[in-house]
Amino acid sequence: MRARVVRTVAVAATLALAACGDGGSTGAGGSAGGVTGTVTVFAAASLTESFTRIGRDFEAANPGTAVVFNFAGSSALATQITEGAPADVFASASPRTMATVGEAGGTDGEPTVFVRNQLVVAVAPGNPEGVRGLADLTRPGLKVALCAEQVPCGAAARTALDTARVTLTPVTLEQDVKGALSKVRLGEVDAALVYRTDARAAGADVTAVEFPESARAVNDYPIAVLADAPNPAGARAFVAYVQSAPGQAVLTEAGFQAP
Amino acid sequence: MTVAGTGSPTGRERRPLGVRGRAGGVPVALLLPAVLGLVFLVLPLVGLLARTPWSTLPQRLAEPGVLTALRLSLLTATLATLLCLMLGVPLAWLLARVEFPGRRLVRALVTVPLVLPPVVGGVALLLVFGRRGLLGGWLDSTFGITLPFTTTGVVLAEAFVAMPFLVIAVEGALRGADRRYEEAAATLGAGRWTTFTHVTVPLVAPGLAAGAVLCWARALGEFGATITFAGNYPGRTQTMPLAVYLALETDLQSAVVLSLILLVVSVAILAGLRDRWITAS
Chain L
1 MRARVVRTVA
11 VAATLALAAC
21 GDGGSTGAGG
31 SAGGVTGTVT
41 VFAAASLTES
51 FTRIGRDFEA
61 ANPGTAVVFN
71 FAGSSALATQ
81 ITEGAPADVF
91 ASASPRTMAT
101 VGEAGGTDGE
111 PTVFVRNQLV
121 VAVAPGNPEG
131 VRGLADLTRP
141 GLKVALCAEQ
151 VPCGAAARTA
161 LDTARVTLTP
171 VTLEQDVKGA
181 LSKVRLGEVD
191 AALVYRTDAR
201 AAGADVTAVE
211 FPESARAVND
221 YPIAVLADAP
231 NPAGARAFVA
241 YVQSAPGQAV
251 LTEAGFQAP
Chain C
1 MTVAGTGSPT
11 GRERRPLGVR
21 GRAGGVPVAL
31 LLPAVLGLVF
41 LVLPLVGLLA
51 RTPWSTLPQR
61 LAEPGVLTAL
71 RLSLLTATLA
81 TLLCLMLGVP
91 LAWLLARVEF
101 PGRRLVRALV
111 TVPLVLPPVV
121 GGVALLLVFG
131 RRGLLGGWLD
141 STFGITLPFT
151 TTGVVLAEAF
161 VAMPFLVIAV
171 EGALRGADRR
181 YEEAAATLGA
191 GRWTTFTHVT
201 VPLVAPGLAA
211 GAVLCWARAL
221 GEFGATITFA
231 GNYPGRTQTM
241 PLAVYLALET
251 DLQSAVVLSL
261 ILLVVSVAIL
271 AGLRDRWITA
281 S
C-alpha cells in the first residue's frame, strides 16, 4: 500500500510540475499536433509491461510529451479516480470497474474496449507438479494462489472455476494479479490463476498452462479519457495511440487478444 | 543509533519538573508550528469520522468478515507481543547491562526493522522462512512445517516489525533504573535470576508496559510484511489492515468503517494503558 501511496504522491507531484510547465509551453504554441505536457495514465496492474512500452513509443512519436503511469488493481485505481486523483486516462481490466468511474461522472465519452485477456495457470518452470487443468489444482498438498474476487482477475478466476465445477481452497487471495504471480515466482505456491499476459511477461520464471474454461472467463479491458483530465488533448492522443496499429501490435505481442 | 536508546519514554523522570511551570509564556514561533503539527496528525482521523456512514454502521459491523478480521488481528497482535516480550526483554537486558564487543552494532541491527519498509521485511522473512527459504526449506522437508499463509506467519511478521519498539522502551527503562536496588539484592544473597525477576522487572514495569503497548499497537497496524509474507486469506491471515485494503477495492464506505474500528481500538488501548502505566509513575 505504501508503494501505491508513494506512487500517487509522485504522480501528483509530477502533475504539479507539469502544470507549471504547461503554462509556459502552451504559450510557445501547440506546435507538434497540439499534444504537449504530461499525460497521466491510471492502468490495471496487468498492463504494466505493455503500457510502459507503449508510453515510451508514444513519447517518441509526440516530442514534448511525457507519460506518467500509476499501475495498480483496477478497483483501487477507480477509487482513487472517483476520490479526485488527477488522472487523464483510465485503462481498466474490467467493464464493471470502468462503470463505477462512469457512474460517478468520471469519464469523458463512452469507454472503448481495446483488448481482451484470458486466464492461465501459472506454475513453476517446467511444470514439476504436472498440472494439466483446473481439476488438478484441487490435489491435496498443492498450494494455489488466487486473486481476491474484488479485483477483476479474481472475478475471472471465480467464473472459470465455477464453469469447470471445480471447488478449491486457495492459500491466499492476493490483491492484484502481480501479487498472485510473485507467489509462484518465489516458489511459495505451486500454482496461481493469472492472466496469460502476466505469465508471458514473467518469461522463464513460470510456465503457463492453458485450460479450456478460460474462454468462458475472458476479461474485456476498457479505456477512457477522464472528465477531469488536466490534459484532455494528451489524453485523447494517448487513447488513440493505444488503439492504433503500433499500440495494438505491442499488446498482441504481450499476449492480449484483439477485442 | 545510540540516540534510540537514550531517547526512551522513561527518560522523562530525569528531566526537571519545572519545565511545565515555565511554559506560561510559550513563544508564538513554537506554538504555531506545534498546533499545525497537531492538526496535521489529527485531521486525517477527523476526515475518517466525517466520512463514516453512521446510518449503516451497525449492519456493516455485523458482517461476519469484519468480526473475523478483527478477532484475528487482536489474537495475532497479542501473540506477537508475547513473543516480543519473551525474546525482546532478555535482548534489552543484554543491551543495557552487559558490555560486549559489537554492542553498538547489535543495537543498530535491533532497530533496523523500525526504519525498514515493512514490505522489505516481508520479503526478507520469505527468503528465510519461506518454502524455499534458508530455514523454511529445512522446516518444510524435515518437519513438514510451512510458515507463509499461516496465522503463525502473521504473528512472525508482526513480531519482526514490532519488537524494536519493545526493546528500545525496555532498554531505556533499564538504563534509567537505579542499579543500587539490584546490588542490594545481590549482597543479600539473591541470585542473578532472582534479582532479575524480583527486583529488575518490577523496577522497570512501567517502561515494560509502555513498550508492550507500543509493540501491540504496531503489530495491530502491520500491513506490508503481513501481506508479503503471510498472504491474505479470510479467517487465517486476513487481519484488519488487509481487510481495509481489500475493502477499498470494492467499497470505500466499508473501508472507512473497518478503518474506524482499527482507529478506535488503537486509540483506546494507547490512551487507556499509557496513562495508567506511565503518567501514574
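Those protein sequences? They're chains L and C, same order as listed. Under the numbering used here, think of the first position of the first sequence as 1, with each following residue one higher. Under the numbering used here, think of the first position of the second sequence as 1, with each following residue one higher. Glycine included, every Cβ here is placed at the ideal spot set by N, Cα and C. Computed from a predicted structure; not experimentally measured.
Beta-bridge partners of residue i, as assigned by DSSP
i: residue 260 of chain L; result: Not covered by the structure: residue 260 of chain L. The range shown for chain L is 1 to 259.
i: residue 43 of chain L; result: L:71 and L:91
i: residue 116 of chain L; result: L:220 and L:257
i: residue 108 of chain L; result: L:225
i: residue 37 of chain L; result: L:65
i: residue 265 of chain L; result: The structure shown does not extend to residue 265 of chain L, since chain L spans only 1 to 259, so no value can be given for it.
i: residue 172 of chain L; result: L:145
Presumed contact (8 Å Cβ cut-off) between residue i and residue j, rounded CB distance
i: residue 151 of chain L; j: residue 50 of chain L; result: Contact flag wrong, Cβ pair sits at about 19 Å.
i: residue 173 of chain C; j: residue 204 of chain C; result: 4 Å
i: residue 145 of chain L; j: residue 180 of chain L; result: 5 Å
i: residue 89 of chain L; j: residue 238 of chain L; result: 6 Å
i: residue 35 of chain L; j: residue 234 of chain L; result: 5 Å
i: residue 59 of chain L; j: residue 52 of chain L; result: 11 Å between Cβ atoms; not a contact.
i: residue 258 of chain L; j: residue 243 of chain L; result: Actually they do not touch by this definition, with Cβ atoms about 10 Å apart.
i: residue 220 of chain L; j: residue 116 of chain L; result: 5 Å
i: residue 175 of chain L; j: residue 148 of chain L; result: 6 Å
i: residue 240 of chain C; j: residue 29 of chain C; result: Contact flag wrong, Cβ pair sits at about 40 Å.
i: residue 224 of chain L; j: residue 84 of chain L; result: At roughly 17 Å, the Cβ-Cβ gap does not stay under 8 Å, so residue 224 of chain L and residue 84 of chain L are not in contact.
i: residue 175 of chain C; j: residue 96 of chain C; result: 5 Å
i: residue 196 of chain L; j: residue 208 of chain L; result: 6 Å
Same chain, Cβ closer than 6 Å to residue i, five either side skipped, listed in chain order
i: residue 154 of chain C; result: 76, 226, 230 and 237
i: residue 141 of chain L; result: none
i: residue 22 of chain L; result: For residue 22 of chain L, the pLDDT reaches just 40, beneath the cut-off of 50, and the residue's location in the model is therefore unreliable, although a value from the coordinates is still provided. Once the five neighbours on either side are set aside, the close Cβ partners of residue 22 of chain L are 37.
i: residue 91 of chain C; result: 167
i: residue 133 of chain C; result: 127
i: residue 95 of chain L; result: 220 and 222
i: residue 252 of chain L; result: none
Residue i: CB within 7 Å of a non-hydrogen atom of the ligand FMN
i: residue 170 of chain C; result: Of ligands this structure carries none, so the ligand FMN is not represented either.
Environment of residue i [buried if 16+ CB atoms lie within 10 Å]
i: residue 56 of chain L; result: exposed
i: residue 222 of chain L; result: buried
i: residue 272 of chain C; result: exposed
i: residue 63 of chain L; result: exposed
i: residue 118 of chain L; result: buried
i: residue 106 of chain L; result: buried
i: residue 28 of chain L; result: Here residue 28 of chain L scores only 34 on pLDDT, less than 50, and its place in the model is too uncertain to base an answer on.
i: residue 59 of chain C; result: exposed
i: residue 54 of chain L; result: buried
i: residue 183 of chain C; result: exposed
i: residue 47 of chain L; result: buried
i: residue 249 of chain C; result: buried
i: residue 169 of chain L; result: exposed
i: residue 204 of chain L; result: exposed
i: residue 158 of chain C; result: buried
i: residue 50 of chain C; result: exposed
Chain-order list of residues whose beta-carbon lies under 7 Å from that of residue i (same chain, five-residue window excluded)
i: residue 160 of chain C; result: 113, 121, 125 and 225
i: residue 247 of chain C; result: 254, 255 and 258
i: residue 213 of chain L; result: 134, 160, 163 and 164
i: residue 101 of chain L; result: 78, 81, 82, 90 and 107
i: residue 143 of chain L; result: 171, 189 and 190
i: residue 210 of chain L; result: 120
i: residue 10 of chain L; result: Interpretation of residue 10 of chain L is limited by its pLDDT of 49, a score under 50 that renders its predicted location unreliable; the figure taken from the coordinates is listed afterwards. Here the set comprises nothing.
i: residue 158 of chain L; result: 149
Same chain only: Cβ atoms within 8 Å of residue i, ignoring 5 sequence neighbours per side
i: residue 198 of chain C; result: 185 and 190
i: residue 266 of chain C; result: 217, 220 and 221
i: residue 128 of chain L; result: none
i: residue 206 of chain L; result: 122, 123, 124, 125, 181, 184, 185 and 199
i: residue 244 of chain C; result: 255, 258, 259 and 262
i: residue 233 of chain C; result: 149
Residues of the stretch 107–131 of chain C in Cβ contact with chain L at a cutoff of 8 Å, in chain order, please.
117, 118, 119, 126, 130 and 131
Q.
Taking beta-carbon pairs under 7 Å, can you tell me which members of the stretch 130–156 of chain C lie near chain L?
A. 130, 131, 132, 148 and 149
Got a sec: which bits of the stretch 146–161 of chain L sit with their beta carbon under 8 Å from any beta carbon on chain C, in order along the chain? 148, 150 and 151
Pull out every residue of the stretch 248–261 of chain C whose Cβ sits closer than 7 Å to any Cβ of chain L, in chain order. 248, 249, 250 and 252
Anything in the stretch 192–204 of chain C with a Cβ closer than 7 Å to a Cβ of chain L? List those residues in chain order, please. none
In chain order, what residues of the stretch 54–77 of chain L put their CB closer than 9 Å to some CB of chain C?
73, 74, 75 and 76
**Item:** Chain-ordered residues of the stretch 36–49 of chain C with a beta carbon less than 8 Å from chain L
**Value:** none
| task | Note down, in chain order, all residues in the stretch 54–75 of chain C with a beta-carbon under 9 Å from any beta-carbon belonging to chain L. | result | none
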